[in-house]
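As structure tokens, the structure follows; a few thoughts come after it.
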Amino acid sequence: MAEVEEKGLLSYYFPGERIPDSIISQDGSIRLGPGLVFQKKDREEEIVVSKAGRLHQTGKNAMLIDSRTKRYIPATNDQVIGQIISRFAEGYRVDIGSAHIAQLNALAFENVTRKSRPNLNVGSLVYARVSLADRDMEPELECFDATTGKAAGYGELKNGYMITGLSLSHCRKLILPKNTLLQTLGSYIPFEIAVGMNGRVWVNSENLSTTVLICTAIRNCEFMSDEEQIKYCKDLIKKL
Amino acid sequence: MSHFEILSLEGLRNDGRRWDEMRNFQCRIGIEPSENGSAFIELGNTKVLCIVDGPSEPVIKSKARADRTFVNVEINIASFSTIDVKKRFKSDRRIQLQCLALQNTFEEIIQTELYPRSQISVYLHVLQDDGAVMASCINATTLALIDAGIPVKDFVCCSTAGIVESDMLLDLNSLEESALSWLTVAVLGNIKKVVYMQLETSMHLDYLESVMNMAIAGSEHIYNTMQSAVRQSAKPALASLS
Chain C
4 MAEVEEKGLL SYYFPGERIP DSIISQDGSI RLGPGLVFQK KDREEEIVVS
54 KAGRLHQTGK NAMLIDSRTK RYIPATNDQV IGQIISRFAE GYRVDIGSAH
104 IAQLNALAFE NVTRKSRPNL NVGSLVYARV SLADRDMEPE LECFDATTGK
154 AAGYGELKNG YMITGLSLSH CRKLILPKNT LLQTLGSYIP FEIAVGMNGR
204 VWVNSENLST TVLICTAIRN CEFMSDEEQI KYCKDLIKKL
Chain U
16 MSHFEILSLE GLRNDGRRWD EMRNFQCRIG IEPSENGSAF IELGNTKVLC
66 IVDGPSEPVI KSKARADRTF VNVEINIASF STIDVKKRFK SDRRIQLQCL
116 ALQNTFEEII QTELYPRSQI SVYLHVLQDD GAVMASCINA TTLALIDAGI
166 PVKDFVCCST AGIVESDMLL DLNSLEESAL SWLTVAVLGN IKKVVYMQLE
216 TSMHLDYLES VMNMAIAGSE HIYNTMQSAV RQSAKPALAS LS
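So the protein lines, in turn, are chains C and U. Take the first sequence: its letter number 236 is residue 239 in the working numbering, and every next letter is one higher. Take the second sequence: its letter number 30 is residue 45 in the working numbering, and every next letter is one higher.
Okay, structure coming up:
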């Protein structure tokens, strides 16, 4: 474990530190993600870190700092879980945990006309896609897949339980197609899950005790390795 | 209070430290899991808790800025924080000036242009006051902002230094602060650029630079401790990586 820590800490950066030239790809342009800033200082160009976290190189020329942030910043095409806080003439105002309240148009659902609008109450949960995320405008949501026009899992989330306060990096891991934790739980318990990129997860299963078990597993498995996650899930299911 | 009571003939202060010795500095981050960012700092007997919330929608709409975020700072000094138990109100002019100083300092450090029309709230709770309160508030705010994942240009590390006759002292406690000329200096951890300096008492110009350099040296020690605290908080996440 100590070896892993030391290995990880080599790529762990603090605010104000420079990214060494040896890491930066010299051919072509570089795409900087969150946590990195390009600075020109005394005719020298450098990439400076602005968040404490681990350096991720997503592509050949793309870099970002992966930090354990809890506050969500909307980005286009992100899947989010929102809570309706008010209604207005053309739709709903939805809290997605970002700096600004998002807007969900009443017609932004599958097969909806002006006469057959969905009736969502204040407090209802919706699984939606961020269709517009601009710095100078309020985020806008849609409850259908833009390419097919079908619901594709988006829409109102009925029953179930919503987990809040998860770190965004944990949610990014959960949303991966081959997530060890969810696959292990799924092999023992049938359940529905909606993972939002905004640090919220909605879980629904056949009864309350299994829902609580799944929520406990999701909360506690953030810092576990794949093997530890499998072992932890099996131990939880034995207690059920 | 005479010079000998502040610094004895053996060169020791009233709490047993030498002139260039700092008090025990400890910091923990992420102590309040329900909040976006939190930090707790102990500098000797001075204890400060900082909680950061945001970026969120501004409570007072008129304070929202179209091009950048607004940093709101609130300092709450507990009535039991000092020997004399007295209630301190937010309307207290001294507290308001401290809030304004922190606000101006951190608006320069935070990349405010990334979050237009929003607000970052910093809540500071001084639980125990034994000198260097402003320095502790700055250090706690830096760590809480880093814990919240708010992009900052650098660590802001702060320390105090004072002078008694011709002897310099680093990191003053409340007894020394009440008797000496002293200043608070905050620097950026990496580039050692001074971002905040506060001198409330008169000090001879000949000594100013050397006292300032001493405070900067103290800030360097604090920077190393703060870095290790951030690294410590990251260890569970890094350990899970294979």
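Quick reminder that beta carbons are idealized off the backbone N, C-alpha and C, glycines included.
Same chain, Cβ closer than 6 Å to residue i, neighbours up to 5 away in sequence not counted
i	result
glutamine 41 of chain U	Glu57
asparagine 169 of chain U	Checking the displayed sequence, the identity of residue 169 of chain U turns out to be aspartate instead of asparagine. Excluding sequence neighbours, aspartate 169 of chain U sits near Leu203, Gly204, Asn205.
threonine 157 of chain U	Phe170, Val171
alanine 5 of chain C	Model confidence at alanine 5 of chain C stands at a pLDDT of 41, short of 50, so the residue's coordinates are unreliable; what they give is reported in the following sentence. Taken in chain order, the list of residues that qualify is empty.
histidine 18 of chain U	Note that histidine 18 of chain U scores a pLDDT of 48, beneath 50, so its modelled location is shaky; the value from the coordinates is reported in the next line. Same-chain partners within the cutoff: Val179, Glu180.
alanine 78 of chain C	Ala136
leucine 195 of chain U	Gly177, Val179
tyrosine 138 of chain U	Ile66, Glu89
isoleucine 110 of chain U	Ile90
Opening and closing residue of the alpha helix (DSSP H) in which residue i lies
i	result
asparagine 223 of chain C	211 to 223
threonine 116 of chain C	Threonine 116 of chain C -> no alpha helix (DSSP H), and no H or E assigned at all.
histidine 173 of chain C	171 to 177
threonine 127 of chain U	Segment: none, threonine 127 of chain U is in no alpha helix (DSSP H) and carries neither H nor E.
aspartate 229 of chain C	229 to 242
Span of the beta strand (DSSP E), counted from its first residue to its last, around residue i
i	result
isoleucine 188 of chain C	The sequence given here has leucine at residue 188 of chain C, not isoleucine. Unbroken run through leucine 188 of chain C is the alpha helix (DSSP H), 183 to 191; no beta strand (DSSP E).
arginine 90 of chain C	82 to 91
threonine 157 of chain U	No beta strand (DSSP E) holds threonine 157 of chain U; the alpha helix (DSSP H) holding it covers 148 to 163.
leucine 67 of chain C	65 to 69
valine 209 of chain U	209 to 214
aspartate 98 of chain C	94 to 98
glutamate 159 of chain C	158 to 160
lysine 126 of chain C	In the sequence as presented, lysine is not what sits at residue 126 of chain C; that position holds glycine. No beta strand (DSSP E) contains glycine 126 of chain C, which DSSP labels as neither H nor E.
arginine 120 of chain C	Neither: arginine 120 of chain C is in no beta strand (DSSP E) and is coded neither H nor E.
One or two residues paired with residue i in a DSSP bridge
i	result
alanine 197 of chain C	C:Trp205
asparagine 91 of chain U	U:His140
alanine 176 of chain U	U:Leu185, U:Leu198
histidine 219 of chain U	Answer by DSSP bridge pairing: none, since histidine 219 of chain U is not bridged.
phenylalanine 85 of chain U	U:Gln134
glutamate 143 of chain C	C:Gln106, C:Leu135
serine 225 of chain U	According to DSSP, serine 225 of chain U bridges with nothing at all.
arginine 34 of chain C	C:Ala65
lysine 62 of chain U	U:Glu57, U:Gln143
cysteine 114 of chain U	DSSP output for cysteine 114 of chain U lists no bridge partner at all.
Cutoff 8 Å; reference residue i; Cβ partners in own chain excluding five residues on either side
i	result
aspartate 30 of chain U	Arg38, Gly59, Asn188
proline 18 of chain C	Val52, Ser53, Lys54, Ala55
leucine 22 of chain U	Arg28, Trp34, Val179, Asp182, Leu184
isoleucine 217 of chain C	Leu188, Ile192, Phe194, Ile196, Val206, Ser208
arginine 34 of chain C	Gly62, Asn64, Ala65, Met66
Contact set for residue i: own chain, Cβ-Cβ below 7 Å, skip 5 residues either direction
i	result
aspartate 98 of chain C	Gly85, Gln86, Ile88, Ile104
aspartate 69 of chain C	Gly56, Arg57, His59, Ser172
threonine 240 of chain U	Phe40, Cys42
serine 127 of chain C	Ile87, Glu159
methionine 227 of chain C	Tyr235
cysteine 224 of chain C	Leu184, Gln232, Tyr235
Supposed contact pair residue j and residue i - C-beta distance, whole angstroms, cut 8 Å
i	j	result
threonine 61 of chain U	glutamine 143 of chain U	6 Å
isoleucine 237 of chain U	asparagine 154 of chain U	6 Å
leucine 184 of chain C	valine 198 of chain C	With 8 Å as the limit, leucine 184 of chain C and valine 198 of chain C do not qualify as a contact, their Cβ atoms being about 11 Å apart.
isoleucine 165 of chain U	isoleucine 125 of chain U	6 Å
serine 53 of chain U	alanine 159 of chain U	6 Å
alanine 111 of chain C	arginine 120 of chain C	Contact doesn't hold; Cβ gap of about 10 Å is too wide.
Does the stretch 160 to 175 of chain C touch the stretch 132 to 140 of chain C, meaning 3 or more C-beta pairs lie closer than 8 Å?
Taking 8 Å as the limit for Cβ pairs, the verdict is that the stretch 160 to 175 of chain C does not touch the stretch 132 to 140 of chain C.
Cβ contact (3+ pairs, closer than 8 Å) linking the stretch 129 to 139 of chain U and the stretch 76 to 87 of chain U:
Yes: at least three Cβ pairs fall under 8 Å.
Any contact of the stretch 220 to 238 of chain U with the stretch 60 to 72 of chain U, i.e. 3+ C-beta pairs under 8 Å?
Touching, no.
Does the contact criterion of 3 or more C-beta pairs under 8 Å hold for the stretch 166 to 181 of chain U versus the stretch 87 to 104 of chain U?
No, the stretch 166 to 181 of chain U does not touch the stretch 87 to 104 of chain U.
Three Cβ pairs or more, each shorter than 8 Å: is that satisfied between the stretch 208 to 215 of chain C and the stretch 187 to 198 of chain C?
The stretch 208 to 215 of chain C is in contact with the stretch 187 to 198 of chain C.
Is it the case that the stretch 192 to 201 of chain U contacts the stretch 43 to 51 of chain U, given that we only count it when at least three CB pairs across the two stretches are under 8 Å?
No, because fewer than three Cβ pairs between the stretch 43 to 51 of chain U and the stretch 192 to 201 of chain U fall closer than 8 Å, the two stretches do not touch.
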